[in-house]
Ligand code: MSP
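Here is the structure:
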């Protein structure tokens, strides 16, 4: 049976449109998902929107709209942006969907009945923007640990007994080194767990916040937005829905999700969520993987609160969806922070796509047009340099697969680019434009070997830049876009037409100052 791969992005708040940071989580999940598809795995990709809670209620009020109408409207921004960036998700999850609300209430009731949720008076500090409670000792200079304003609050609330599961969680993280990744994040979470874990406040009084899922055993309260939203990863694949038991077994219980998210929300995912799952008696995700931040000019996290966000669609308009996708994967090592500027993106696209890949395509297809009537000629592959290039190209698929499975897609791209460089160097050395005058047999060999290498690299780049690679492979009349086809040579059969066409990756000139 083929391997199963289930990947999720965070559910985005609908208080704002997507920006370059939120688009990053989504594009990376899409790229990883498309790679696993290429590897022949059965895949499922879930993304969506987090629609309850204070932020959303406030954003709706500011627009003079009912919260649900505001959400319905904002969701369009996300769906359109993802379509524009060629995101191919399987499930777009909305926390306001009826089945989810019912499932969340069932979970709350179950935990209440077994004594894992209890009522208590709460007195402490609350950060409205983060929707998180803090104790006195959590505060840093009178603010939340990430520097947000906090207010004093005193009220009755419901609490989830997170502390009961602390030891089990520590043991799970220690026994499973890949459960939280990268290692720096794993150590951070283990460090956090060295202190006693408090219980989690999972309710909000309706008097303060009405936009949420009602607590089934107390009509005066709604559910804390994180408790509601985190459950999506399981309810999205059928949890608490008897008619979808088989789905739930397959995607959640037997497989385990890979949760990809920004490092700012590692605690909610690796501590709140995993202890919730322990209490509910279902399996934990396979991995919680925290990526880094896209930084602004001041080398800080790009965020709406700092007012410096870049609209991903502006960048898409400049370099195309493929250009932005390529930059994200190639320039940002998953897990690390990365600076962003238009100049960086444009340089990357010009270097790797216009110069390297684009040149290889245009030189070879022009010469095939000129000397071989635009069709793959018959030839032998016997020159030592040809054999060397062929060996490197044929080894690439396994290397790419190994890197991607280790969540290192930027390394995979580096290796592909190296082979494209080799192919360009091989062309320079062999100079088929000169060779053609008196040795057509070697010219045929050189051009066909270059195109075979290009074909292999192109298929391996398909998950990253699907649109351009689709066009490129069509020019090579190549229909077999599979991993197996990357492990075989001579797939462009003699007589296959090669289309010249306009430059596939035109150089981009940056007009304005970066
Ligand atoms: N709604 C919660 C997640 C709930 S998941 C059950 C949330 N939403 S968010 O819209 O604020 O952020 C979603 C994601 O965008 C997070 O992974 C966050 O790290 C990511 N990013 C937001 N700004 C970012 C950058 N500047 N750079 C990279 N990613 C960042 O949190």
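In the working numbering, the protein residues as written are 4 to 517.
Every residue gets a Cβ at the ideal spot worked out from N, C-alpha and C, and that includes glycine.
N- and C-terminal bounds of the alpha helix (DSSP H) containing residue 417: 412–433
To the nearest whole angstrom, what separates the beta carbons of residue 82 and residue 95, a pair I think is in contact under 8 Å? 7 Å
For a test of the three-state rule: what should DSSP assign to residue 203, helix, strand or coil? strand
Measuring alpha carbon to alpha carbon, tell me which residue in 87, 509, 92 and 22 is nearest residue 51. 92
Per DSSP, residue 156 is paired with what? 127
From 15, 115 and 36, residue whose alpha carbon lies closest to that of residue 8: 36
Any heavy atom of ligand 1 inside 7 Å of the beta-carbon of residue 264? yes
Span of the alpha helix (DSSP H) holding residue 488? 486–489
Give every residue of the same chain whose Cβ lies closer than 7 Å to the Cβ of residue 204, excluding the five residues on either side of it in the sequence, and list them in chain order. 125, 136, 160, 162 and 227
Please work out which residues of its chain come closer than 6 Å, Cβ to Cβ, to residue 78, disregarding the five sequence neighbours upstream and downstream, and give them in chain order. 52
Does the Cβ of residue 1 lie closer than 7 Å to at least one heavy atom of ligand 1? No information on residue 1 is available, as it lies outside the stretch 4 to 517 that the chain covers here.
Report all residues from its chain with a CB closer than 7 Å to the CB of residue 14; omit the five preceding and five following residues, and keep chain order. 51, 52, 53, 96, 98, 232 and 235
Which residue wins for smallest C-alpha separation from residue 292, given the options 43, 170, 461 and 180? 180
Return helix, strand or coil for residue 162, following the three-state DSSP convention. strand
Give the straight-line distance between the Cα atoms of residue 517 and residue 249, rounded to the nearest whole angstrom. Note on residue 517: pLDDT 47, under 50, position unreliable in the model; the coordinate value appears next. Going by the C-alpha atoms only, they are around 52 Å apart.
Compute the Euclidean distance between the alpha carbons of residue 492 and residue 69, then round it to the nearest angstrom. 60 Å
Give the straight-line distance between the Cα atoms of residue 399 and residue 418, rounded to the nearest whole angstrom. 7 Å
Whole-angstrom Cβ separation of residue 337 and residue 413, contact assumed at under 8 Å? 7 Å
In this structure, does DSSP put residue 262 in helix, strand or coil? strand
Report the rounded CA-to-CA distance for residue 225 versus residue 110, giving the unit in angstroms. 14 Å
Using three-state DSSP, classify residue 292 as helix, strand or coil. strand
Go ahead and label residue 213 buried or exposed: buried means 16 or more other beta carbons lie within 10 angstroms of its beta carbon, across all protein chains shown. exposed
Count the other C-beta atoms from every protein chain shown that fall within 10 angstroms of the C-beta of residue 367, then say buried if there are 16 or more, exposed otherwise. buried
Per DSSP, what kind of secondary structure is residue 227 in: helix, strand or coil? coil
Along the beta strand (DSSP E) that carries residue 53, what are the first and last residues, could you check? 45–53
Between which residues of its own chain and residue 335 is the CB-CB distance below 6 Å, once the five residues before and five after are set aside? 341
Buried or exposed: which applies to residue 138, given that a residue is buried once 16 or more other Cβ atoms fall within 10 Å of its Cβ? exposed
Starting from residue 11, trace the beta strand (DSSP E) both ways and give me its first and last residue. 7–16
Cβ-based burial, residue 106 [other Cβ within 10 Å; buried from 16]: buried
Is residue 59 closer than 8 Å to residue 123 when the C-beta atoms are compared? no
Among the residues of its own chain, which have a CB less than 7 Å from the CB of residue 483, if the five just before and after it don't count? 494
So, is residue 121 buried or exposed, given that buried needs 16 or more other C-beta atoms within 10 angstroms? exposed
Helix, strand or coil, according to DSSP, for residue 298 in the structure here? strand
Could you have a look at residue 348 and say whether DSSP puts it in helix, strand or coil? helix
Report yes or no: do the region 416–431 and the region 455–468 share at least 3 C-beta pairs separated by less than 8 Å? yes
Assigned secondary structure, residue 517 (DSSP; H/G/I helix, E/B strand, else coil): For residue 517, the pLDDT reaches just 47, beneath the cut-off of 50, and the residue's location in the model is therefore unreliable, leaving the point undetermined.
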